Structures are given as C-alpha cells and as structure tokens.
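If you read the sequences in order, they're chains A and B. Throughout the first sequence, residue numbering follows my numbering, covering 1 to 266 in sequence. Throughout the second sequence, residue numbering follows my numbering, covering 267 to 841 in sequence. Beta carbons are placed, not taken as given, at the ideal position from N, Cα and C, and that holds for glycine. Small disclaimer: the values here were computed from a predicted structure and weren't measured.
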Amino acid sequence: MDHLDRLEAQSIFILREAYKKFGKLGMLWSIGKDSTVMLWLAKKAFFGHCPFPFIHVDTTHKIPEMIAFRDRMAKEYNIELIVHKNQEALDAGMGPDKGRLVCCKALKTDGLQQVVTKYEFEGLILGIRRDEEGSRSKERVFSERNKDSEWDYTNQAPELWDQFKTDFPKGNHIRVHPILHWNEMDIWAYIEREKIELVDLYFAKNGKRYRSLGCAPCTGQIDSNAVTVAQIIEELKNTKVGERAGRAQDQEDSYAMQKLRKDGYM
Amino acid sequence: MDIAREVLNIVVVGHVDHGKSTVIGRLLYDTKSLPEGAIDRVKKIAKEKGKPFEYAYLLDAFEEEQKQGITIDTTQLQFRTDKRDYVIIDAPGHKEFLKNMISGAASAEAALLIIDANEGIQEQSKRHGYILSLLGIQKAYVLVNKMDLIQYSEEKFNNIKQEMNEFLHSLHVYPLKYIPVSAFHGENITALSDKMPWYKGEPVLEAIDLFEKDKGLEGKPLRFPIQDVYKFDNRRIIAGRIEAGTLKTGDEILISPSNKVTKVKSIEYWVEKDKTESISAGMSVGITVEDEFFNQRGEFISHTYDAPITADTFKASLFWMGKNDLVKNKEYKLKLATQEVECEIYAINKVIDATTLENLENASQAKTNDVAEVTIKTKREICFDEFKNNQNTGRFVIVDGYDVCGGGIVTGLAQERQSVSKFSKQDDEIVVKCFDEYYYVLSEGGIKKVEGVPHSFNIGDVIPSTGVTYEYPADFNVVDIKKRLVAKIRKSKLQDITSFDECSYESIPSIDPQGAFIKIHSAEDFTKFAIDLAKLQQSENSKIAAFANEWFDFMKFRQIRYLNETKSLEIEYQI
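Written out as structure tokens, the structure reads:
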C-alpha cells in the first residue's frame with residue numbers, strides 16, 4: 001500500500017463507521033475539491049452506492065459555475081441532494097457588506113443549523129482537513145456538537161485506536177471528518193490518480209485560478225498558469241503561500257476561524 | 267508526486283512547560299515547513315498580546331492556549347525530510363489534559379519525550395513514559411531541553427539520563443537515544459551545536475530519520491473484523507478493514523465466535539482499477555462468501571488454522587480517563603475492533619501510581635489518570651488477541667455513559683475462565699471430553715491426557731472432529747447417558763441436541779461424551795442399549811463399569827501417540 005492507499009483506506013473506514021452508527025446521516029458537499037474527493041470516497045466505500053443524502057448549504061453568493069457543476073454531478077453520480085438556503089436571512093438582505101463574519105455565520109453556520117434541525121441529523125460528514133488552519137488541526141474525527149451546533153473545543157472527548165465517539169445525548173450531533181488526516185497535496189495527488197472530475201474554476205484561465213473555493217465576494221484568485229492537475233501539483237510544491245490565503249473570512253481576526261467554528265461553522 | 271514515500275507518526279510528550287510545542291515549532295520553522303502566513307500570524311499575535319515571539323504559537327492555535335501559554339489539545343502537523351514524511355503530534359503536558367495527550371499518542375509509532383534540563387524529571391515525564399509503554403510505543407528518544415539554562419553541562423545531562431533510564435527500564439521502555447537540546451535557541455535541532463561538543467550523537471532532525479518503521483502486518487495471522495454487511499444490490503458484501511494478515515479469493519475462512527466455515531467467493535470493488543484477488547492489512551475492503559450465513563458486525567474473519575481467542579473473561583492493563591472512578595461490578599460498554607459488548611470489571615488486581623510505580627493491591631476503584639491491572643468479564647464471548655501478539659486486536663476502550671473513559675490492552679486470559687468444553691442448546695448442555703488428546707510420554711513412562719482448549723459449541727458451530735490423536739466421522743451422535751441427551755453432529759457441525767427418548771436407530775456411529783464408540787450396529791442393538799440404559803439408571807453406580815465395558819469401545823476413534831517429554835504437550839486445534 002502506498003501513502004494514498006493508506007489515506008483512502010482510513011477515510012473509507014471512517015465513512016463506514018458513520019453509516020453504521022448514525023441512522024440520520026448526511027454529507028456536506030461544498031462543490032470544492034475536498035468534498036468532491038469525499039463524494040468519490042463514499043462511492044468506493046459503498047461499492048458504487050451513496051446511502052445518504054448530500055447537503056449543499058447555498059449562500060446564493062456562490063460562483064455560478066459551481067452551481068452548474070453541482071447539478072450536473074448530482075445526476076451523474078446518482079446522489080440525493082438537499083439544497084438549503086437561509087431564506088429568512090437572505091430576505092433580510094444578508095450579504096458580505098453586513099460584515100464578513102456576520103455573513104458567514106448567518107448564511108453558512110445558521111443555514112447548516114437549520115438543515116440539522118429540519119432533518120434531525122445525528123451525523124454530518126464534512127471534508128475539513130487538519131492542515132487547513134489551526135482550529136481544524138485540533139479536531140477529532142468524530143466531533144460532537146450540542147443542540148445549537150456549538151463545539152466545546154476545550155473539552156473534547158478522548159479518541160483513540162479508531163474507537164470513535166458514537167454515544168451522545170439526543171439532540172446533539174456528530175461532525176464526522178473522514179479526510180481530516182489528508183493534506184492539500186494529498187488531495188491533488190488523489191484527484192490525479194483517480195481521475196476525479198472537478199469544477200474547472202480550479203484550472204487557470206487568463207493567468208488566474210482559484211486555489212480554494214467559497215463565495216464569490218470573499219474568495220480571491222491566485223496568479224497561475226496551471227491548467228492540469230499535474231501542473232497544479234507542481235505549482236503547489238513551489239509555493240509558500242497558505243491554501244486559504246485567498247479566503248477573506250480567515251483574515252478578519254487572529255481567531256476568526258476558531259470563533260466561527262465554535263458556533264458550528266464547518 | 268512521490269507518493270511511495272514512507273510516513274512516520276511521532277508524538278512529542280513530556281511535562282508541562284518542558285518545551286514540547288517549542289521543539290516542534292522550531293523543527294517546522296527550521297525545515298521551512300510552514301507557509302508564509304503562519305509565521306506572520308504568530309508575529310502579529312505576539313505583538314497584540316505584548317509577548318515575545320513563541321514557536322509554540324504555531325501549534326497552540328486556540329486563543330485560550332496562547333493566552334495561557336499551555337497546550338490544551340493535541341495537534342497534528344506534517345513535515346518532511348529527504349528520507350520520508352512525518353506527522354508530528356503535539357500532546358498536552360498538563361495532567362488535566364491527559365485524555366488529550368492519549369488521544370494524540372495513540373496514533374503514534376515513535377515518541378520524543380521532552381525533559382526540561384533545569385527542572386529535571388517531573389510527574390508527567392514519568393506518567394507519559396508509562397502511557398507510552400501501555401500504548402506499545404517502543405521507539406522513543408528522550409530530548410533534554412533548555413540545556414542553555416544549565417550552561418550546556420554534560421554532567422547534569424548525564425544525571426537526568428541515568429535517573430530517567432532507571433524509571434523507564436522498569437516499564438520496559440528503552441529510549442534509543444538521549445539528545446541534549448535547546449529548542450528555543452535551535453541547538454542540536456537541525457544541526458549539531460557547537461555549545462555541546464561533548465555530544466557525539468545526531469541532531470534531532472537527523473535522529474528521527476533513524477527511527478525504523480514497524481514491519482507490515484501483512485504476514486501476521488489474518489484478522490478481519492466485520493464492520494458492516496451491505497445489500498445495496500444483488501451482492502451481499504461483508505465490509506471491513508483487515509487489521510492483520512492477507513486474504514485471497516478462494517481462501518477457506520472461519521467466522522468467530524459463531525464458528526462458521528466458508529470460502530471467499532469474490533473481492534468486491536467499485537472502480538475497475540481496484541480489482542484484485544488478494545487483500546491485506548490496512549485495507550478497507552468488501553468480500554462475498556460462498557455460504558450466505560447471517561453475519562454481523564463484530565464477528566472476526568480469520569483463516570481456519572489461525573483463529574483469534576474467543577472468551578468472555580480476560581486480564582488487561584488499563585488507563586482510566588473518566589471523571590467518575592472506575593469501579594467493580596458496574597456495567598460499562600467495551601469496544602474492541604468492531605465489537606461492542608457490555609462488560610464489568612470483575613476484579614481490580616492492582617492500581618499503579620504511574621509516577622512512583624507504587625502498587626495498591628485489590629483496590630475497589632481506580633481514579634482519573636490511574637493505571638490499573640484488571641480482570642474484565644464481558645456479557646458474551648468476544649474475539650481478541652493478546653496485545654503482544656497483535657496490537658490492533660489486543661486493545662480496547664471502555665465507554666462510561668457517553669464518553670470513552672478508559673483504554674486498555676489485553677495481557678492474557680484469566681484463570682477463572684471456562685475450564686471445560688461443552689455442547690449447548692438453550693438450557694441443554696453436554697460437557698464433552700471427546701476432544702482431549704492422549705499421549706504415552708516416554709520420559710514419564712505413562713499415559714497423559716491433554717485437555718482440549720475449552721470452548722462452548724452452539725447449534726451450527728463447527729466442532730473439531732479431527733485431533734492429533736482422535737478422528738471422528740463427519741456425521742455422528744454424542745450420547746450423554748446420565749442426562750439422557752443426544753447431540754447430533756452433521757457435517758462436523760453441531761446440528762441439534764435432543765432427548766434420548768426422542769431418538770431412534772440411525773446408521774451412523776454414536777460416541778459417549780468421552781469419545782468412546784458405543785457398540786450399536788443395528789436397530790436391535792439400539793433397542794437393547796436403551797433397555798440396558800434404563801436398567802442402569804435404576805441401579806447403583808457400581809454397575810457403570812460393567813455397562814461401559816459391554817457397550818463402549820474407547821479406542822475405536824482414538825490412538826495413543828508417543829511423545830518424548832511433556833514439554834510439547836500444549837495442544838492446538840482449529841475450531
């Protein structure tokens with residue numbers, strides 16, 4: 001087994017544990033590279049089937065190509081898709097002009113909380129990785145959230161030998177992180193090996209491309225001429241810039257992500 | 267992309283403030299493993315807080331951690347050397363966060379134990395050393411940090427080395443190296459320090475490349491705990507991760523503890539390129555089998571010739587992380603591989619103070635952060651191995667309420683375990699000795715009996731019909747003349763247990779529970795046997811020998827083999 005085989009095997013083990021343990025389970029699909037890899041891993045784990053719904057929390061500020069890609073792939077992969085918007089906040093005019101963190105909280109965190117409540121999810125699968133940023137590096141694979149989706153990060157449950165937290169009071173839910181142990185380079189190497197189709201925003205057009213995808217107003221492009229996965233891998237080998245440097249919400253405050261994530265952000 | 271590169275997980279442990287996070291931060295900084303933003307961010311935070319630049323902030327991402335200058339929870343970070351990739355696991359040093367330290371250390375293969383040269387060995391230095399030994403992490407270096415505070419003194423370094431060695435050796439932890447460092451000043455981290463010319467070893471960065479990775483588990487006996495069974499389409503797929511060994515299409519497999527034997531029909535896959543005929547340790551796989559038994563999560567698939575232990579009582583070493591004490595006779599949940607079972611602590615044989623190694627015998631409870639030697643009894647039989655033989659199937663966690671509160675390793679079987687083999691069907695039970703072996707031991711000049719491995723056989727279970735010194739046919743009956751019960755063995759499986767009175771003559775052999783052939787060759791013989799048996803039950807015990815001599819042929823299915831000495835008398839058979 002090589003490095004990617006080991007990563008894949010561990011992720012599949014985690015997905016299968018989640019499926020076995022949670023009656024109401026859903027996977028968050030942000031249309032980005034990480035959660036698209038996760039979708040692929042789910043197809044592998046369940047031999048071509050996807051025995052739970054995929055959830056897209058739509059802020060309506062997403063880049064239009066992402067939505068087109070989402071709808072096409074959902075059909076091709078034959079998955080059940082739940083698209084949810086925090087309509088109330090949108091009707092009240094919520095947008096990044098109200099403050100980036102306020103907007104993230106309303107459209108993403110609160111939107112997600114509404115989905116959890118509506119569908120009574122016990123388990124939510126998310127494609128976060130330890131190498132993305134500090135508070136994620138401290139995460140557990142099975143991470144409990146209370147009924148308001150809050151994360152008690154200073155008192156996390158022990159997690160050892162792949163014996164995950166599967167007992168919790170009713171109303172709480174577990175965030176399952178199957179690719180927590182992957183890094184950005186692993187993701188790209190795996191996409192290359194498995195030939196996974198991605199939204200083409202990741203590939204350079206006119207000398208620019210997206211390295212990390214989010215909402216249009218808060219996601220910046222990087223200078224790049226990489227038009228294939230192999231070229232992206234080569235580019236990443238030589239960069240010293242962080243993956244999420246183009247994500248505005250991260251830069252708002254030294255502890256921005258910790259604060260967002262404490263309240264239930266992905 | 268050199269994806270074939272090796273990855274090694276290293277945990278960094280030690281007492282609070284001895285510099286674990288600083289060592290890691292320095293390693294990452296000096297090897298340029300950090301993105302631009304990370305250093306700038308730490309500089310910004312240090313400035314905001316009015317504190318000097320701290321390498322530790324690179325890992326201690328939580329605001330609370332940076333404010334208080336402590337590590338609350340474990341972090342994993344990756345970096346690389348020319349030789350391989352590393353996952354460095356930072357573990358908190360506070361006693362209060364021991365559960366987080368264990369969560370981090372449990373996934374490591376090697377460890378760096380950090381000791382402050384000025385403060386010397388402290389409580390958590392020892393406790394962490396103990397935890398390493400319990401987690402089975404044998405590859406460890408001790409880093410004596412903050413050498414600048416003791417003027418880079420070789421003598422003081424040697425004193426710490428001697429004291430720590432004494433403690434660790436008693437736990438069977440043998441540090442491979444002691445390295446004097448000053449992480450903050452970068453001495454002996456990536457290059458040898460000119461402040462300590464007396465140190466003849468390697469700097470940390472070179473030393474970690476010398477850790478030898480564990481050999482693969484592919485060659486060990488097969489252990490494939492069933493994680494789930496899928497029926498999404500016309501395939502009935504048994505899914506799970508292979509914890510040890512290798513499995514191929516067509517292999518004969520045993521499913522324990524239900525004792526069913528079948529063959530691997532296919533290895534399933536989704537993408538054509540994943541098609542294979544052989545799967546091994548570490549892989550998450552799916553197989554179909556030839557006989558469609560009812561299979562369930564928790565059962566172990568092994569080869570028929572190398573089964574795991576099946577028992578309901580075993581001895582274990584345990585570390586306790588619960589808020590509530592670990593107490594005897596309370597119901598807990600035990601999770602081992604994919605098995606989940608109710609259990610109780612049958613006995614707390616010893617509670618060990620992990621820092622003084624003092625023992626408290628026969629305690630009735632263990633407290634948070636205690637290490638205990640216990641005997642555990644599970645509500646039903648489970649499969650496992652001793653930790654020393656297989657780490658993945660020899661360790662377990664204990665859940666109290668909602669949380670994992672303890673972790674343990676199986677150290678052996680308990681003496682109080684079942685001592686006889688039996689056939690059972692609900693309340694009916696036949697104690698059997700027919701799987702015992704008999705040898706003539708030349709060195710002792712006499713016949714010696716070796717009892718078979720005690721086991722309960724339930725309906726549907728395969729029985730060991732062939733031993734070293736006995737061989738029964740595939741179909742036979744076992745008649746217990748005292749209980750008037752008959753166990754029916756068909757195709758070497760226990761098919762049923764019925765009352766003798768419901769039985770009639772069958773043209774297959776019958777044996778008694780000792781394994782003796784009952785001389786019934788015809789329907790007339792059967793009728794006469796039934797009459798004699800009825801008479802026997804009304805007469806005294808002294809008549810039994812006469813009855814046995816008339817009806818039983820002890821040697822029909824047995825032979826007595828010669829042995830030089832009794833040393834080799836540990837019998838093993840496959841069930």
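Going by DSSP in three states, residue i sits in which element: helix, strand or coil?
| i | result |
| --- | --- |
| W586 (chain B) | strand |
| I841 (chain B) | Unreliable placement is indicated for I841 (chain B), whose pLDDT of 30 sits below 50; the coordinate value is still reported in the next sentence. It is coil, neither helix nor strand. |
| N155 (chain A) | coil |
| H435 (chain B) | helix |
| C649 (chain B) | strand |
| A216 (chain A) | helix |
| E682 (chain B) | No answer about E682 (chain B) holds up, because its pLDDT of 46 lies below 50 and its placement is not dependable. |
| N172 (chain A) | strand |
| A372 (chain B) | coil |
| H284 (chain B) | coil |
| R261 (chain A) | helix |
| E17 (chain A) | helix |
| G291 (chain B) | helix |
| G482 (chain B) | coil |
| G395 (chain B) | helix |
| I187 (chain A) | helix |
| E836 (chain B) | Since pLDDT at E836 (chain B) reaches only 47, below the 50 mark, its modelled position is unreliable, and no value is offered. |
| V728 (chain B) | strand |
Could you check whether the Cβ of residue i sits closer than 8 Å to any heavy atom belonging to the ligand NAD?
| i | result |
| --- | --- |
| P96 (chain A) | As presented, the structure is devoid of all ligands, the ligand NAD included, so that no description of it is given. |
Residues of chain A with a CB under 9 Å from the CB of residue i: which are they?
| i | result |
| --- | --- |
| Q493 (chain B) | F13, R16, E17 and K20 |
| L343 (chain B) | R130, D131 and S137 |
Thinking C-alpha only, which one of the options is nearest residue i?
| i | options | result |
| --- | --- | --- |
| L81 (chain A) | A:K21, A:Q87, A:M266 and A:R72 | A:R72 |
| M462 (chain B) | B:S448, B:D475, B:E472 and B:L471 | B:S448 |
| F345 (chain B) | A:I63, A:D131 and A:P169 | A:D131 |
| Y440 (chain B) | B:P446, B:F450, B:H451 and B:Q428 | B:Q428 |
| K531 (chain B) | B:L520, B:G516, B:Q562 and B:D693 | B:G516 |
| K526 (chain B) | B:K794, B:F566 and B:G511 | B:F566 |
| G23 (chain A) | A:E122, A:L41, A:C50 and A:M266 | A:E122 |
| K633 (chain B) | B:T604, B:G672, B:G667 and B:E432 | B:G672 |
| L160 (chain A) | A:S149, A:G171, A:E150 and A:R140 | A:R140 |
| Y598 (chain B) | B:K749, B:V663, B:Y444 and B:A638 | B:V663 |
| L294 (chain B) | B:A374, B:T456 and B:D746 | B:T456 |
| Q156 (chain A) | A:L90, A:D162, A:Q163 and A:F142 | A:F142 |
Just the chain B side, please: which residues come within less than 7 Å of residue i by C-beta, in chain order?
| i | result |
| --- | --- |
| D34 (chain A) | By Cβ distance, chain B contributes nothing, its closest Cβ being about 16 Å from D34 (chain A), past 7 Å. |
| Q163 (chain A) | K601, V663 and V670 |
| D167 (chain A) | V665 and Y668 |
| T228 (chain A) | In chain order: nothing, as chain B lies at least about 13 Å away. |
| K269 (chain A) | Since the first residue shown for chain A is 1 and the last is 266, residue 269 (chain A) is missing from the structure and cannot be characterised. |
Have a look at the DSSP bridge pairing and note the partners of residue i.
| i | result |
| --- | --- |
| I504 (chain B) | B:V495 and B:I553 |
| M27 (chain A) | A:F54 and A:I125 |
| P746 (chain B) | First, the amino acid is wrong: residue 746 (chain B) is Asp here, not Pro. Paired residue(s): B:L751. |
| D200 (chain A) | Beta-bridge pairing links D200 (chain A) to no other residue. |
| I355 (chain B) | B:V277 and B:Q342 |
| I82 (chain A) | A:I55 |
| K268 (chain A) | In the structure as shown, chain A begins at 1 and stops at 266. Residue 268 (chain A) is therefore absent and cannot be evaluated. |
| T641 (chain B) | B:K581 and B:A613 |
| E608 (chain B) | B:K599 |
| N625 (chain B) | B:I618 |
| A377 (chain B) | B:V277 and B:A406 |
| F701 (chain B) | Paired residues: none, contrary to the question. |
| F689 (chain B) | B:I696 and B:F723 |
| V670 (chain B) | B:V665 |
Give the residues of chain B in contact with residue i, contact being defined as C-beta atoms less than 9 Å apart.
| i | result |
| --- | --- |
| F47 (chain A) | Y496, F498, D499, R501, I503, A505, E534, Y535, W536 and G552 |
Determine the chain B residues that contact residue i at a beta-carbon separation under 8 Å, and present them in chain order.
| i | result |
| --- | --- |
| G123 (chain A) | Near G123 (chain A) there are no residues of chain B at all, since even the closest Cβ is about 14 Å away, more than 8 Å. |
| G264 (chain A) | Here the premise fails: no neighbours, minimum Cβ distance about 17 Å. |
| Y210 (chain A) | The premise fails here: Y210 (chain A) is roughly 17 Å from chain B at the closest Cβ pair, so nothing lies under 8 Å. |
Give the interface partners of residue i over in chain A, defined as CB-CB distance under 8 Å, in chain order.
| i | result |
| --- | --- |
| D339 (chain B) | K138, Y153, T154 and Q156 |
Given that residue i touches chain A, what residues does it touch there, using C-beta distances under 7 Å?
| i | result |
| --- | --- |
| K365 (chain B) | P158 |
Unbroken stretches of the beta strand (DSSP E), 3 residues or longer, contained in the segment 758-830 of chain B: Runs found: 759-765 and 827-829.
Residue ranges of each beta strand (DSSP E) within the segment 510-596 of chain B, 3 or longer: Qualifying beta strand (DSSP E) stretches, in chain order: 512-514, 518-522, 526-533, 544-546, 550-555, 566-569 and 575-586.
Minimum length 4: unbroken alpha helix (DSSP H) runs contained in the segment 401-446 of chain B: As far as the segment 401-446 of chain B is concerned, its whole alpha helix (DSSP H) runs of at least 4 residues are 420-435.
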